[in-house]
Amino acid sequence: MMREIAYQMLTRPNATIFPGPLALWAWNQHAVDRARAVLEIAAQIPNVMIIPMPDYRPKYPKIDPEEVINPNHPNLTIWGNRIEACIFVGVHCHYANLTLKMIRAGTSCCTIALCAEQGHEDAMLSIRDANATKLLRLAQVVKRVREEMGLELPENGENVRFTGTQSRIHGGKTHTNPLEFMSLSADLAGAAAYGHRPEGMESES
């Protein structure tokens, strides 16, 4: 399964990682460790994009598909960026299920779910119990498959490609090194600053 995930993300156009709230917000050390592992995966995929799903509220009247993906209309982001393979990680299960159903019904994108719980039947490829250790193992598999395929990474490590919106925010820069913005501790940043508590986040899953 991990090798197939690696193959799809390394060969399909505009491969993208969609981290959800459980991977974006440093609400405890476990979340930080999983987020760092996700960045290790991203660091092995040439020209991968990272588009966040920071929350689950509908984005009306208009969504910028180069800024976020939203579970209420995820196909807009898939279409807008011509994404042919994507990974969802850190998304609460019921929102992941909704998102995966809509993408599978309305696009040709290969959907991959890295789930901390039981996995997702609506994803084309899914890994269950995806804790930080298993995510790091996936990063190693992606690295091995990439090397077998002869795909090289840039020497400066800037392999993550910005969307147009992200590029404008970063002064026209087109790529970045995902390992340069790792959080080391949940004490450095967290959802608590926005009124969230760890037990509340867990209850959503």
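Numbering (my numbering), first residue to last: 11 to 215. Where is the CB? At the ideal position from N, CA and C, for every residue including glycine.
Classification of residue i by the beta-carbon crowding that lies within 10 angstroms, buried from 16 upward
i      : result
Arg44  : buried
Glu165 : exposed
Tyr105 : buried
Gly205 : Summary for Gly205: the model assigns pLDDT 44, below 50, so the residue's position carries little reliability; its value from the coordinates is reported in the next sentence. With fewer than 16 Cβ atoms within 10 Å of its Cβ, Gly205 is classed as exposed.
Met159 : exposed
Ala126 : buried
Pro71  : exposed
Asn141 : exposed
Pro188 : buried
Ala36  : buried
Ala245 : Since the first and last residues shown for the chain are 11 and 215, residue 245 lies out of range.
Ala115 : exposed
Assumed close pair residue i, residue j - CB separation to whole angstroms, cut-off 8 Å
i      : j      : result
Leu124 : Ile88  : Contact doesn't hold; Cβ gap of about 18 Å is too wide.
Val101 : Leu148 : That pair is no contact at about 17 Å.
Val151 : Met12  : 4 Å
Pro64  : Leu108 : Contact flag wrong, Cβ pair sits at about 16 Å.
C-beta atoms of residue i and residue j nearer than 8 Å
i      : j      : result
Pro56  : Pro29  : no
Asn169 : His185 : yes
Asn85  : Thr121 : no
Glu94  : Thr175 : no
Leu20  : Arg156 : yes
Cys82  : Pro68  : Before going further, note that residue 82 is Asn rather than Cys in the sequence given. Cβ atoms of Asn82 and Pro68: closer than 8 Å.
Ile60  : Ile27  : yes
Leu135 : Gln18  : yes
Val58  : Ala25  : yes
Asp132 : Lys153 : no
Distance cut-off 7 Å: residue i Cβ against heavy atoms of the ligand SAM
i      : result
Ala123 : Although the ligand SAM was asked about, the structure shown includes no ligands whatsoever.
Discussion item. Quick check for students: name the residue ranges of the alpha helix (DSSP H) that lie wholly in the segment 142-203, counting only runs of 4 or more.
Written reply: 142-159, 174-179
Worksheet item: In the segment 65-112, which residue ranges form an unbroken beta strand (DSSP E) of at least 3 residues, counting only runs that do not cross its ends?
Response: 95-99
Discussion item. I want to know whether the segment 48-55 touches the segment 141-159 - three or more CB-CB distances under 8 Å.
Written reply: yes
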